[in-house]
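Numbering (our numbering), first residue to last: 37 to 92.
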Ligand SMILES: [Zn+2]
């Protein structure tokens with residue numbers, strides 16, 4: 037993946053993270069989502085993907 041694609045992907049993920057979960061506005065993906073709520077899991081996975089992008 038080239039650098040621009042990586043940046044685009046990261047921006048999208050950061051957007052997901054900043055919007056957070058609509059049902060649980062207090063959830064900022066600091067700890068793992070329980071898996072019961074799809075939106076929380078999406079936010080959590082965005083957090084993990086950002087971490088992966090920063091490592092590579
Ligand atoms: Zn939620």
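Even for Gly, the Cβ is constructed at its ideal location relative to N, Cα and C.
Mind the definition here: the segment 58-66 touches the segment 37-46 only if three or more C-beta pairs lie below 8 Å; say whether that holds.
no
With a threshold of 6 Å on Cβ separation, who are the neighbours of residue 87 within its own chain once the five nearest residues in sequence on each side are excluded?
none
Please classify residue 49 as buried or exposed, where buried requires at least 16 neighbouring CB atoms within 10 angstroms.
buried
Could you pull out every residue in the same chain whose Cβ sits closer than 6 Å to the Cβ of residue 66, ignoring the five residues on either side in sequence?
none
With hydrogens ignored, establish whether the beta-carbon of residue 75 is closer than 8 Å to any heavy atom of ligand 1.
yes
Going by beta carbon distance, what residues of the same chain come within less than 7 Å of residue 85, once the five residues before and after it are set aside?
49.
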